[in-house]
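Each residue of the sequence shown is one higher than the one before, starting from 1 at the first, in full-length UniProt numbering.
Quick reminder that beta carbons are idealized off the backbone N, C-alpha and C, glycines included.
Model, not experiment: these values are computed from the prediction.
Since the structure comes first, as structure tokens, the remarks are kept for the end.
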Amino acid sequence: MSNHQTYQIGDYVYVEESPAIPYQIRKIVELDRYNSNDVEMKVKCFYRRRELPPDVAEQHLHVFSVEALSEKEIYDLSLRELFVSQTFDIVHANRIRGKCNVIMMEDVLDENLVDLIKEDATFFYHLSYDPVKRVIKSDKGYIRVGSEFQATIPNFIGCTQNNNTNHTLHNEIETLVWSPPNNLSPSDLDSYMTMCKSLATLARANYPPSTLRHPTLVSCVACASRDTTLQLALDTLQQAGHSIRRALQVLAPPSQPPLLKLDQMEMWSITEGNLFQQGLHKFGKSFQDIQTDLLPWKTLKVTLRTLQMPILECKKLGCSTRFRVASALFAITFECIIEFYYMWKTTDHYIQQRRAKSVEAEKRLKHIYVKVDRKVDPSVLYQENFAKCAGCGSVCTAHSYGIGSPPNLLKVCGNCWVIWKEYGDLKDVSVYGML
């Protein structure tokens, strides 16, 4: 096993598509064995700048902010620049040609970028490339950690009085501003919620689209018992001054069907639900990408709803200002895509998907052993002794390697050939300026 190398999920690898072009850089996402000896990999694609369309590559020319960089150092850094993508590919394991390392640029300080030049097979990325839309955009945000990015916390100012007076009764330093009426017992609330669920079931029976999607009474009652109905009931009770009679009059007005409020699970069509599941399989929980690629007519809007709670207004000792404590309790209401996701997790589709993923995960390989194979294809070998290398100028004593095709053919030595295959260009001079 000495001539084999171990590869596992999460490794960055060189993949050879053709002997006449540089290696492609990929990240292993899955390892699947489809027969006794063959292994296929699902890989995430990274692109070099020269692999992008010329009009796209010129839109975002990277400017390194490190001072006192020489032209040679800037050129070396440009050889290590990559663009991440959300594109995945399936490749055979025997096309692996070694490991490399890829890091996010934000994880490296500007002054340490020069150190990347000293590390072999190390690359970085900052932007994301979409090969379908042919656009470059910023990658996901990151958290800045460090004292220079954090708020300055002032020193604690304690009370000037002794500890015995610090434990003053709350009614001496706080004034009750508002408190909800407590004339409703838990049994009254339970009865009210039961009536609201019954009204919601009746409302769906009078709503034609709902009767088509939920033809049975059981499914209709299940929809009427979800959180949307409960939230509507509590909101209406609050607006009615905690009067159950007035709240029921609002929910069931005379000579009209009961008030109906649908949730995202009921408003989405079956086609939209299938598109959402496809997006989850492709992008995971990256809802922004799901919306952009598959559901552009949906929104990611998040609203904050304030639930009124008892508010205490405190009189700060030695200060004329007044501030509120426990002033409000915020409940986040997720709308559209995000709300649909959390409701979708309560369905059988989510359970079936989890089970399918568990079965697939058990079948997948955790790591593989691949024989180290750096054999050069004979089509790029030229048996010309003492040929001068077009990259470093040295003399090729055994044979040379061809880059490009006649008549624009460059012959380089073995070291320059390896550099060109791994970095996509020569170390000292760009091969694309000579072809």
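Counted within 10 angstroms of its Cβ, other Cβ atoms place residue i as buried (16 or more) or exposed
| i | result |
| --- | --- |
| Glu-422 | buried |
| Ile-403 | buried |
| Tyr-401 | buried |
| Phe-156 | exposed |
| residue 437 | There is no way to answer for residue 437, as the model of the chain reaches only from 1 to 435. |
| Tyr-23 | buried |
| Met-343 | buried |
| Pro-258 | buried |
| Asp-428 | exposed |
| Asp-107 | exposed |
| Arg-49 | buried |
| Leu-307 | No answer about Leu-307 holds up, because its pLDDT of 34 lies below 50 and its placement is not dependable. |
| Phe-46 | buried |
| Leu-329 | Note that Leu-329 has pLDDT 29, beneath the 50 cutoff, so the model's placement of it is unreliable and the number below is only indicative. Leu-329 is exposed by the Cβ-count criterion. |
| Ala-224 | buried |
| Trp-268 | buried |
| Gln-59 | exposed |
| Glu-17 | exposed |
| Trp-417 | buried |
| Asp-38 | exposed |
| Ile-337 | buried |
Residues that residue i bridges to, as DSSP identifies them
| i | result |
| --- | --- |
| Trp-297 | None, per the DSSP bridge assignment. |
| His-367 | Gln-8 |
| His-60 | BP columns for His-60 are empty, so no partner. |
| Cys-392 | According to DSSP, which records beta bridges pairwise, Cys-392 is partnered with nothing at all. |
Integer-rounded CB distance, given that residue j should sit under 8 Å from residue i
| i | j | result |
| --- | --- | --- |
| Phe-88 | Tyr-129 | Not confirmed; about 14 Å, so no contact. |
| Phe-124 | Glu-71 | At roughly 19 Å, the Cβ-Cβ gap does not stay under 8 Å, so Phe-124 and Glu-71 are not in contact. |
| Arg-364 | Leu-31 | 6 Å |
| Arg-226 | Asp-190 | Incorrect: roughly 17 Å between the Cβ atoms, too far for contact. |
| Ile-90 | Val-13 | With 8 Å as the limit, Ile-90 and Val-13 do not qualify as a contact, their Cβ atoms being about 14 Å apart. |
| Tyr-432 | His-4 | No, Tyr-432 and His-4 are not in contact; Cβ-Cβ is about 35 Å, not under 8 Å. |
Enclosing beta strand (DSSP E) for residue i [first to last residue]
| i | result |
| --- | --- |
| Thr-122 | 122 to 130 |
| Thr-6 | 4 to 8 |
| Ser-405 | 400 to 405 |
| Tyr-47 | 39 to 48 |
| Glu-30 | 24 to 33 |
| Glu-99 | The amino acid occupying residue 99 in the given sequence is Lys; Glu does not appear at that position. Taken as a continuous stretch (DSSP letters only), the beta strand (DSSP E) holding Lys-99 covers 96 to 104. |
| Lys-137 | 135 to 138 |
Endpoints, the alpha helix (DSSP H) within which residue i is located
| i | result |
| --- | --- |
| Leu-77 | 71 to 79 |
| Cys-220 | 217 to 224 |
| Phe-283 | 270 to 283 |
| Cys-413 | First-last for Cys-413: undefined, no H or E at that position. |
| Ser-187 | 186 to 205 |
| residue 440 | The structure shown does not extend to residue 440, since the chain is modelled only from 1 to 435, so the question has no answer here. |
| Cys-336 | 336 to 344 |
| Ile-153 | That residue, Ile-153, is in no alpha helix (DSSP H); it is neither H nor E in DSSP. |
| Lys-261 | Note, Lys-261: premise wrong, no alpha helix (DSSP H); not H, not E. |
| Leu-234 | 227 to 239 |
| Lys-375 | Lys-375 -> no alpha helix (DSSP H), and no H or E assigned at all. |
| Leu-116 | 115 to 118 |
CA nearest to the CA of residue i, picked from the options
| i | options | result |
| --- | --- | --- |
| Pro-378 | Ala-356, Asn-37 and Ala-20 | Ala-20 |
| Glu-119 | Val-102, Pro-131, Val-15 and Leu-199 | Val-102 |
| Val-43 | Lys-133, Tyr-7, Ala-200 and Val-56 | Tyr-7 |
| Leu-234 | Val-372, Met-195 and His-92 | Met-195 |
| Ser-78 | Pro-53, Ala-93 and Thr-122 | Thr-122 |
| Ala-387 | Cys-396, Leu-381 and Tyr-350 | Cys-396 |
| Lys-345 | Val-39, Gln-277 and Gly-241 | Gln-277 |
| Gly-241 | Arg-33, His-367 and Asn-183 | Asn-183 |
| Asp-425 | Pro-407, Ala-390 and Leu-199 | Ala-390 |
| Ala-200 | Ser-185, Ser-179, Ser-187 and Ala-222 | Ala-222 |
is_contact[residue i, chain C] using C-beta, thresh 8 Å
| i | result |
| --- | --- |
| Ile-337 | Chain labels in this structure do not include chain C; a single protein chain is all it has. |
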